[in-house]
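Numbering (the numbering used here), first residue to last: 565 to 813. Beneath this line is the structure, given in structure tokens, with notes to follow.
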């Protein structure tokens, strides 16, 4: 499978323009059953230049990992050579949100980087922006839709950020699908994309420099999707110590 995936992803190149939870029934649920076949390139297929096209994103809360692509306002536009024609991000409503101000609250979604509101929609917006930014750096002949499903988005509470910092614990699934047939071009992959979270004075200084939690996570996820789509081994999750391990219990 790694060999097959590597062959497919050789058409993608990096352009130079460019915390403890004990109740976990939702994020540990098994994957939905997904097709396993790969779409073969048509006979006589050859790389051709791609015309500029905006990345399409679905409206918040309506995406489905297996649904056909739906047009909506673009979060961002890729470079003209980007192989990704559309982006769909799904944040299941079954993911539990925690607003508890503890060091390590339970819950699938913990997020304080936006005002109080629809946390599912806020997380979706972060992923949409990150994926769009990432695919700008790609070039190649493959035309595909990028589909993403968030599994876990466990950031810092106010208390943890003020005192200790910690880990932004993030997991998501992604795959490439044929924009016309909806068939899978790559097998859906589960990615752990944890990021060191700043706390105390370092967090204040980062905010003052414009490096808010939202900015840092968005930039990080953009890097992660590029690594996933351009290397055979994909993104390698960082080793971030005890808090990271507690987050995975």
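Virtual Cβ for every residue (Gly too), placed ideally from N, Cα, C.
Taking only heavy atoms of the ligand FMN into account, decide whether any of them is closer than 7 Å to the Cβ of residue i.
i, result
"residue 658", "This structure does not include the ligand FMN; it has no bound ligands of any sort."
Using the three-state DSSP reduction, which class does residue i fall into: helix, strand or coil?
i, result
"residue 760", "strand"
"residue 718", "strand"
"residue 799", "coil"
"residue 649", "strand"
"residue 734", "strand"
"residue 727", "helix"
"residue 780", "helix"
"residue 812", "coil"
"residue 701", "coil"
"residue 754", "strand"
For my contact list, residue i and residue j are in at a C-beta cut-off of 8 Å; report their separation, rounded to the angstrom.
i, j, result
"residue 716", "residue 697", "Going by Cβ atoms, the distance from residue 716 to residue 697 rounds to 21 Å, so no, they are not a contact pair."
"residue 720", "residue 730", "5 Å"
"residue 727", "residue 712", "32 Å between Cβ atoms; not a contact."
"residue 755", "residue 797", "Not quite, the Cβ-Cβ distance comes to about 12 Å (not below 8 Å), so this is no contact."
"residue 718", "residue 759", "Rounded, the Cβ-Cβ distance is 11 Å, inconsistent with contact."
"residue 657", "residue 684", "6 Å"
With distances taken between CB atoms, is the gap from residue i to residue j smaller than 8 Å?
i, j, result
"residue 704", "residue 776", "no"
"residue 699", "residue 655", "no"
"residue 738", "residue 725", "no"
"residue 708", "residue 672", "no"
List the DSSP bridge partners of residue i.
i, result
"residue 711", "652, 739"
"residue 785", "Per DSSP, none; premise fails for residue 785."
Length-filtered (4 minimum) alpha helix (DSSP H) runs lying within the region 651-693: With a minimum length of 4 residues, no continuous alpha helix (DSSP H) run stays inside the region 651-693.
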